[in-house]
DNA sequence: TATCCTGACGAAACAAACTTGCATTTCGAG
DNA sequence: CTCGAAATGCAAGTTTGTTTCGTCAGGATA
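Right under this line is the structure:
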C-alpha cells in the first residue's frame with residue numbers, strides 16, 4: 001500500500017541504515033546520529049512505514065533454537081507454465097509455513113524456495129506434499145545448507 | 001553467544017510468533033494475548049535475546065524503494081574446495097553489501113547467493129568482481145527473480 | 001513433615017520512549 | 001521579493017518499557 005512517491009533524502013537513508021540493523025534503537029539516539037530531533041525522526045519513520053519503504057518490523061528468530069536447524073534450497077521446474085498453474089504454485093508455496101522464501105525466477109528453473117525444516121524426514125515429507133502430490137512439477141534440485149554464512153534482509157543503501 | 005540451554009515453553013513460542021510478525025507490538029498486548037503480565041513478557045523477551053533465540057530486531061526495507069529493485073540468485077561452483085579458499089570466499093561474500101544472503105551448500109553447487117542490485121549493469125559489475133576476478137570460481141548460474149512471492153525470515157514454530 | 005532455596009509471577013512505582021500541538025524556519029514557485 | 005507548503009524543534013502529554021518488591025509454587029534436604 002504505497003501511499004505516494006517516496007523520494008528519500010539522505011536523512012531517510014541514514015535512518016533506514018540504522019533501523020535495518022536494529023529497530024529498537026531509540027529515536028533520540030537516531031536523532032543524534034543523523035542530526036535531527038527525535039520528533040523529526042519519528043515523523044520520517046512513520047512516513048516510510050506508511051509509504052511502504054519500511055515493509056515491516058520483525059524479530060529475527062534463530063531457527064536452530066526452535067527446532068528447525070536445517071535450511072534447504074530447492075530449484076523447482078514445472079511441467080506447464082500456464083498462468084493458472086503458476087499462480088496455484090505460488091499460492092501453495094506461500095501458504096506453507098516451512099517455505100520461508102519463494103521466488104518466481106527466470107532461467108533454468110521456475111521457482112526457488114528456501115525451506116526450514118527440523119530434519120531430513122520432515123524435508124522428505126515436504127517434497128511429497130509440495131512436489132510429488134502436485135502434478136505439475138517436472139523436477140527439482142535440492143541444496144542443503146551446511147553453513148548459513150550470511151542471512152538477513154538487509155538492502156544496500158545509496159550514499 | 002547463547003548463554004544457556006534455551007528450552008522454550010509454550011509462552012515463549014507464543015511470544016515469538018507475535019514478535020516474528022511485528023516486534024513493535026506493546027508488551028501489554030502480548031501479555032493479553034498469551035495470558036501473562038507485561039513484566040513477565042518483558043523478562044522472557046530479554047532472556048531470549050540474551051540466549052540468542054532472538055537473533056535481532058530489524059526493520060524490513062523494501063528494496064525497490066531504495067533503488068535496488070532486482071533480486072538475483074546465483075549458484076556458485078568453485079574450482080578448489082580447499083578450506084582456506086572456501087573461507088576466503090565466505091569472507092568476500094559476507095563483506096559485499098549487495099550479497100543479501102550467502103549459504104554454503106552441498107549438492108551441485110558450493111554457494112548460493114541472494115543478491116540485490118539496481119540494474120543488470122550493476123549485476124554485471126558484481127559478477128566481474130566476485131566471480132571473474134576470483135581465480136577460484138569454476139562457473140555460476142544466474143536466476144533473476146520476476147516475482148518475490150514470499151520473502152522473510154519467519155521460522156515455523158512448534159505448537 | 002518441615003525447612004530452605006530457586007525461579008517465576010503480578011501489582012505498583014518509576015523511568016524512558018513515543019506522540020502531539022504549536023510557533024518558527026526553510027525552501028521552492030510564482 | 002513574497003507567499004505557501006512542508007519540515008523542523010521545543011515542550012507538554014501520553015504510552016510504553018523497566019525495576020522493585022512481596023508472594024507463591026516446586027524441588028531438594030534433613
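Chains as they are written, first to last, in the UniProt record's numbering: chain A, 1 to 159; chain B, 1 to 159. From the three backbone atoms N, C-alpha and C, an ideal C-beta is built for every residue, glycine too.
Each residue's CA atom was taken as its position, placing residue 89 of chain A and residue 30 of chain A some 42 Å apart. Taking a 10 Å sphere around the C-beta of residue 44 of chain A, we find 16 or more other C-beta atoms and assign the residue as buried. Contact check between the segment 93-106 of chain B and the segment 134-149 of chain B: fewer than three CB pairs, one atom from each, fall below 8 Å, which does not count as touching. The segment 64-76 of chain A makes contact with the segment 108-123 of chain A; the number of CB pairs closer than 8 Å reaches 3 or more.
With a threshold of 8 Å between beta carbons, residue 112 of chain B makes contact with chain A. DSSP, read as helix, strand or coil, puts residue 14 of chain B in helix. Under the DSSP definition of a beta bridge, residue 57 of chain A partners with B:59. For residue 87 of chain B, the enclosing alpha helix (DSSP H) covers residues 83-95. Each of B:48, B:18, B:148 and B:24 was checked against the Cα of residue 100 of chain A, and the nearest Cα belongs to B:148. DSSP, reduced to helix, strand and coil, places residue 98 of chain A outside both helices and strands of the structure shown, so it counts as coil. With respect to the 8 Å criterion, residue 60 of chain A and residue 52 of chain B are not classified as neighbours on the basis of their beta carbons. Residues of chain B whose Cβ lies closer than 8 Å to the Cβ of residue 38 of chain A do not exist, since the nearest Cβ in that chain is about 16 Å away. Taking 8 Å as the CB threshold, residue 123 of chain A stays off the interface with chain B.
In terms of beta-carbon proximity, residue 80 of chain A stays away from the interface with chain B, with every pair separated by 8 Å or more. A straight line joining the alpha-carbon of residue 17 of chain B with that of residue 79 of chain B spans about 42 Å. Beta-bridge analysis with DSSP links residue 78 of chain A to A:137.
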